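Everything below concerns the one structure shown next.
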Amino acid sequence: MASIRRTGGEKLWIRYLILGAWALFCITPALWFLSIGLRPRTEIITPQPIYWPTFSLDAWHMLWSDWPMAKYLRNSVAAIFGSVLIDLVLAIPAAYSLARYEYRGRDDIGFYILSTRMMAPAIVAIPIFFLFRNAGLLDTVWALMLIYAAVNLSVVTWIIRSYMLDIPKELEDSARTDGASDLRILWEIIIPAIRPGIITAAVIAMIFAINEFLFTLLIASTPKAYTMSVALANFTGGSDGVIYNAIALVAFLAFIPVFIVVVAIQKHLSRGLTLGAVKG
Amino acid sequence: MTDSLTKDPGAAIAAPGSNKKKIVRRRSKRLKRLFPYLLVAPAVIYLLMITLYPGIYAIIQSFYFVKFGPWRPVGLENYVELFNDREFWAALWNTFVIGSISLCLQCVLALLLAYYAYRDPWIQGWRIVFLVPMLFMPSAVAFIFKLAFLDGRVFSDLLIRIGLIDSNLAIPSSIWMSRALLILADTWQWTPFLFIIFVAALQGQDEEVEEAARLDGASWAAIFWNISLPLMRPVIAVALILRAIDITTMFANVFIITKGGPGGATETISYFIYRIGFKTFNFGYASAASVVMLILTVIIAQLVVKRAFVSGRG
Numbered sequence: 000m001a002s003i004r005r006t007g008g009e010k011l012w013i014r015y016l017i018l019g020a021w022a023l024f025c026i027t028p029a030l031w032f033l034s035i036g037l038r039p040r041t042e043i044i045t046p047q048p049i050y051w052p053t054f055s056l057d058a059w060h061m062l063w064s065d066w067p068m069a070k071y072l073r074n075s076v077a078a079i080f081g082s083v084l085i086d087l088v089l090a091i092p093a094a095y096s097l098a099r100y101e102y103r104g105r106d107d108i109g110f111y112i113l114s115t116r117m118m119a120p121a122i123v124a125i126p127i128f129f130l131f132r133n134a135g136l137l138d139t140v141w142a143l144m145l146i147y148a149a150v151n152l153s154v155v156t157w158i159i160r161s162y163m164l165d166i167p168k169e170l171e172d173s174a175r176t177d178g179a180s181d182l183r184i185l186w187e188i189i190i191p192a193i194r195p196g197i198i199t200a201a202v203i204a205m206i207f208a209i210n211e212f213l214f215t216l217l218i219a220s221t222p223k224a225y226t227m228s229v230a231l232a233n234f235t236g237g238s239d240g241v242i243y244n245a246i247a248l249v250a251f252l253a254f255i256p257v258f259i260v261v262v263a264i265q266k267h268l269s270r271g272l273t274l275g276a277v278k279g
Numbered sequence: 000m001t002d003s004l005t006k007d008p009g010a011a012i013a014a015p016g017s018n019k020k021k022i023v024r025r026r027s028k029r030l031k032r033l034f035p036y037l038l039v040a041p042a043v044i045y046l047l048m049i050t051l052y053p054g055i056y057a058i059i060q061s062f063y064f065v066k067f068g069p070w071r072p073v074g075l076e077n078y079v080e081l082f083n084d085r086e087f088w089a090a091l092w093n094t095f096v097i098g099s100i101s102l103c104l105q106c107v108l109a110l111l112l113a114y115y116a117y118r119d120p121w122i123q124g125w126r127i128v129f130l131v132p133m134l135f136m137p138s139a140v141a142f143i144f145k146l147a148f149l150d151g152r153v154f155s156d157l158l159i160r161i162g163l164i165d166s167n168l169a170i171p172s173s174i175w176m177s178r179a180l181l182i183l184a185d186t187w188q189w190t191p192f193l194f195i196i197f198v199a200a201l202q203g204q205d206e207e208v209e210e211a212a213r214l215d216g217a218s219w220a221a222i223f224w225n226i227s228l229p230l231m232r233p234v235i236a237v238a239l240i241l242r243a244i245d246i247t248t249m250f251a252n253v254f255i256i257t258k259g260g261p262g263g264a265t266e267t268i269s270y271f272i273y274r275i276g277f278k279t280f281n282f283g284y285a286s287a288a289s290v291v292m293l294i295l296t297v298i299i300a301q302l303v304v305k306r307a308f309v310s311g312r313g
């Protein structure tokens with residue numbers, strides 16, 4: 000049945016005027032920034048802004064010749080994938096425990112895990128800086144991996160927990176009467192059944208890890224462990240001023256994979272972003 | 000039930016070496032009870048390392064003067080100094096002002112957009128357009144706005160072209176324009192976050208309720224205001240809390256766009272702690288500020304977040 004909702008209510012031109020205006024507002028700065036990445040440096044900061052620049056791949060060449068861009072990319076990828084892996088290994092059993100067992104303190108434990116999401120990075124930044132310094136991990140990808148995993152663990156656990164709560168208990172009960180152990184049920188029934196949830200959690204964790212800034216800034220203080228996010232902030236090359244075209248290109252380099260995975264999990268995105276609170 | 004006890008994975012571990020069934024049963028029973036704790040323990044221990052350990056460390060450090068040399072105990076001096084520090088109060092105030100304006104603005108915009116979008120037959124296809132700002136790294140977004148409003152003066156130039164102003168805006172020296180710039184950058188990037196959550200919540204609502212109201216002659220605005228909005232209150236609460244957490248801990252935008260200027264008018268609490276700790280290297284003092292923030296966070300978590308996330312859910 001074609002519902003009333005689909006055919007809409009008030010005048011359509013108002014709807015499309017408002018949505019169209021907002022779409023423009025979203026897209027224009029992004030496209031303009033892309034044009035910054037594809038113009039020569041001399042046309043970026045000028046007495047009069049230049050709206051139709053000459054096309055140039057200067058920044059692209061500079062990126063690979065003047066900076067160890069490949070290394071930054073490698074660092075980002077290693078730290079991000081490593082952290083997501085740590086998160087999944089820790090979060091899946093934890094979420095299973097929170098979603099499927101009744102025991103004393105369960106809700107408090109669940110809330111504790113969630114509450115770490117609220118912790119401002121700045122609050123714990125100083126002790127963590129010393130912790131990693133004493134462990135000799137400053138300026139390493141390992142430190143970044145560990146910290147990204149910690150930052151995202153709450154989110155990953157809660158998303159997966161939400162998907163586990165959706166699985167009918169009967170599914171497990173029949174397996175249990177067949178004599179399967181709890182761990183086998185988790186591995187062979189639950190995990191395959193919530194694969195979309197696990198993928199969603201991994202994607203959200205990946206995006207947050209790419210975005211992470213303050214910890215990365217503190218832990219990666221030399222180019223040895225720079226990731227894309229912090230490398231950006233350091234394209235401010237002293238006497239050269241801020242090298243905007245390189246920044247713009249790096250921004251798009253990081254944007255493309257995020258865009259692709261978000262399109263892939265679109266249906267689960269709002270659920271993931273609310274840690275499972277919205278079943279959209 | 001007893002059958003599944005012996006099939007418990009813990010039983011297999013406990014069994015070797017002991018032939019007495021009784022002991023096995025008792026051990027496996029204890030393991031059975033401990034099993035959910037064992038599952039959740041690694042995650043909790045991992046998180047304690049980044050919350051409890053740093054929390055205790057910060058509390059201890061806040062009673063010392065720590066710069067480069069050995070720690071020197073100073074009692075409550077750091078806290079006394081902190082509560083008399085105008086910059087600290089200013090940072091709290093700035094965080095509140097910038098955060099609450101951003102949050103209200105984003106919530107209203109997202110609700111308005113969601114109201115127009117959720118009934119659109121094509122919205123599933125083209126909502127990705129609305130998500131674009133959210134998919135950039137926050138540090139990249141900060142540079143977009145820094146260039147457009149400060150270094151490149153594009154915004155001023157556009158306003159001059161359409162005749163609204165005569166000369167370039169002096170944004171960096173204006174308190175409210177600097178704050179507005181941070182608010183705008185945050186709003187551009189994160190309104191989409193609220194938008195897609197609200198759209199999903201609206202589309203998840205029962206259509207029949209709407210149709211019934213519609214047949215009774217209610218207008219779409221009335222339906223939205225009286226039916227849809229109250230129904231999605233829990234969702235709005237969760238989304239706004241998540242947004243509020245990120246706004247109050249805003250760092251990259253301040254670090255890149257304004258550096259806290261002019262005269263500290265855009266210095267948020269995160270930037271304050273960072274500046275004290277890593278620019279002046281007064282670690283003990285910064286830790287005192289961290290502890291105050293930590294206490295505020297715990298209070299707010301208990302009062303607000305717990306209610307939104309834990310209760311009211313199945």
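Quick note, the sequences are listed as chains A and B, same order.
If you're matching positions, the first sequence starts at 0 in numbering that gives the first Met the number 0 and goes up one per residue.
If you're matching positions, the second sequence starts at 0 in numbering that gives the first Met the number 0 and goes up one per residue.
Beta carbons are placed, not taken as given, at the ideal position from N, Cα and C, and that holds for glycine.
These numbers come from a predicted model, not from an experiment.
Compare the C-beta of Tyr297 (chain A) against all C-beta atoms of chain B and say whether one is closer than 8 Å.
No statement about residue 297 (chain A) is possible, as the shown extent of chain A runs from 0 to 279 and does not include it.
Tell me the DSSP bridge mates of Tyr63 (chain B)?
For Tyr63 (chain B), which the question treats as bridged, DSSP gives the partners B:Pro72.
List the residues of chain A whose Cβ lies closer than 7 Å to the Cβ of Lys258 (chain B), in chain order.
In chain order: nothing, as chain A lies at least about 12 Å away.
Could you please tell me which residues of the segment 226-244 of chain B, in chain order, have their CB closer than 8 Å to any CB of chain A?
Cβ contacts with chain A come from Pro233, Val234, Val237, Ala238, Leu241, Ile244.
Would you mind working out which of A:Leu216, A:Gly240, A:Asp172 sits nearest Val229 (chain A), comparing C-alpha positions?
Among A:Leu216, A:Gly240, A:Asp172, the Cα nearest to that of Val229 (chain A) belongs to A:Leu216.
In whole angstroms, what is the alpha-carbon distance linking Val237 (chain B) and Leu272 (chain A)?
Near 10 Å, if we compare the C-alpha coordinates of Leu272 (chain A) and Val237 (chain B).
Suppose you measure from the CA of Gln60 (chain B) to the CA of Leu46 (chain B); what does that come to, to the nearest Å?
Rounded to the nearest angstrom, the two C-alpha atoms are 21 Å apart.
Would you please verify whether the beta carbon of Leu91 (chain B) is less than 8 Å from any beta carbon of chain A?
No - not a single Cβ of chain A is within 8 Å of the one on Leu91 (chain B).
Whole angstroms is fine: what's the gap from Phe146 (chain B)'s alpha carbon to Val253 (chain B)'s?
Reading off the sequence shown, one finds Leu at residue 146 (chain B), where the question assumed Phe. So the two alpha carbons sit approximately 14 Å from each other.
Using a Cβ-Cβ cutoff of less than 7 Å, which residues in the same chain neighbour Glu52 (chain A) once the five nearest sequence positions on both sides are dropped?
Here residue 52 (chain A) is Pro; the residue named in the question, Glu, does not match the sequence. Only Ser34, Arg38, Glu42 meet the Cβ criterion.
If we count the other Cβ atoms within 10 Å of its Cβ and call it buried at 16 or more, is Tyr15 (chain A) buried or exposed?
Result: exposed.
Phe147 (chain B) CB to nearest chain A CB: under 8 Å?
The sequence shown places Ala at residue 147 (chain B), not Phe. Chain A contact via Cβ: present.
Check whether chain B comes within 8 Å of Asn233 (chain A), counting only Cβ atoms and requiring the distance to be less than that.
Chain B contact via Cβ: absent.
Verify whether the separation of the beta carbon atoms of Ile166 (chain A) and Ala124 (chain A) is less than 8 Å.
Contact: no.
Where does Ser289 (chain A) fall in DSSP's three states?
No information on residue 289 (chain A) is available, as it lies outside the stretch 0 to 279 that chain A covers here.
Does Thr53 (chain A) get closer than 8 Å to chain B when you measure Cβ to Cβ?
For Thr53 (chain A), the answer is no, since every Cβ of chain B falls outside 8 Å of its Cβ.
Would you give the residue range spanned by the alpha helix (DSSP H) that Arg116 (chain A) belongs to?
First-last for Arg116 (chain A): undefined, no H or E at that position.
Would Ser153 (chain A) and Arg116 (chain A) qualify as a contact pair, given that the criterion is a beta-carbon distance under 8 Å?
Yes, the pair counts as a contact, with Cβ atoms nearer than the cut-off.
With C-beta atoms as the reference, is Ala121 (chain A) less than 8 Å away from Phe250 (chain B)?
For Ala121 (chain A) and Phe250 (chain B), yes; Cβs fall inside 8 Å.
Could you give the DSSP three-state label for Leu137 (chain A): helix, strand or coil?
Correct three-state label for Leu137 (chain A): coil.
Does chain A have any CB closer than 8 Å to the CB of Leu168 (chain B)?
By this cut-off, Leu168 (chain B) is not an interface position.
Output the distance between the C-alpha atoms of Arg213 (chain B) and Lys10 (chain A), rounded to the nearest integer angstrom.
Distance between the alpha carbons of Arg213 (chain B) and Lys10 (chain A): 16 Å.
Which residues mark the beginning and the end of the alpha helix (DSSP H) in which Thr186 (chain B) is found?
It spans 174-202 - the alpha helix (DSSP H) in which Thr186 (chain B) sits, taken as one unbroken run.
Can you name the residues of chain B whose CB is closer than 8 Å to the CB of Tyr71 (chain A)?
The contacting residues do not exist; Tyr71 (chain A) stays about 13 Å from chain B at best.
So for Ala69 (chain A), helix, strand or coil by DSSP?
In this structure, Ala69 (chain A) counts as helix in the three-state DSSP scheme.
To the nearest angstrom, report how far apart Leu143 (chain A) and Phe128 (chain A) are at their CA atoms.
In a straight line, the C-alpha of Leu143 (chain A) is about 11 Å away from that of Phe128 (chain A).
Determine the DSSP secondary structure at Arg232 (chain B), reduced to helix, strand or coil.
Of the three classes helix, strand and coil, the one that applies to Arg232 (chain B) here is helix, per DSSP.
Would you identify the three-state DSSP class for Pro167 (chain A), choosing helix, strand or coil?
Correct three-state label for Pro167 (chain A): coil.
From this set, B:Asp245, B:Ala287, B:Glu266, B:Thr279, which residue's C-alpha is nearest Leu102 (chain B)'s C-alpha?
Nearest option by C-alpha distance: B:Asp245.
Which residue comes first and which comes last in the alpha helix (DSSP H) that contains Pro256 (chain A)?
Looking at the DSSP string, the run of the alpha helix (DSSP H) that includes Pro256 (chain A) is 243-263.
Flag this pair as yes or no: are the beta carbons of Ile49 (chain B) and Ala149 (chain A) separated by less than 8 Å?
For Ile49 (chain B) and Ala149 (chain A), yes; Cβs fall inside 8 Å.
Give a yes or no on contact between the segment 109-121 of chain B and the segment 16-28 of chain A, applying the rule of three or more CB pairs nearer than 8 Å.
The segment 109-121 of chain B, when compared against the segment 16-28 of chain A, does touch it at the 8 Å Cβ threshold.
Among A:Leu97, A:Ala90, A:Phe207, whose alpha-carbon lies nearest the alpha-carbon of Ile197 (chain A)?
Comparing Cα positions, the closest option is A:Ala90.
Taking a Cβ distance cut-off of 7 Å, strictly less, list which residues of the segment 284-298 of chain B are near chain A, in chain order.
Within the segment 284-298 of chain B, the residues whose Cβ lies closer than 7 Å to some Cβ of chain A are Ala285, Ser286, Ser289, Met292, Leu293, Thr296, listed in chain order.
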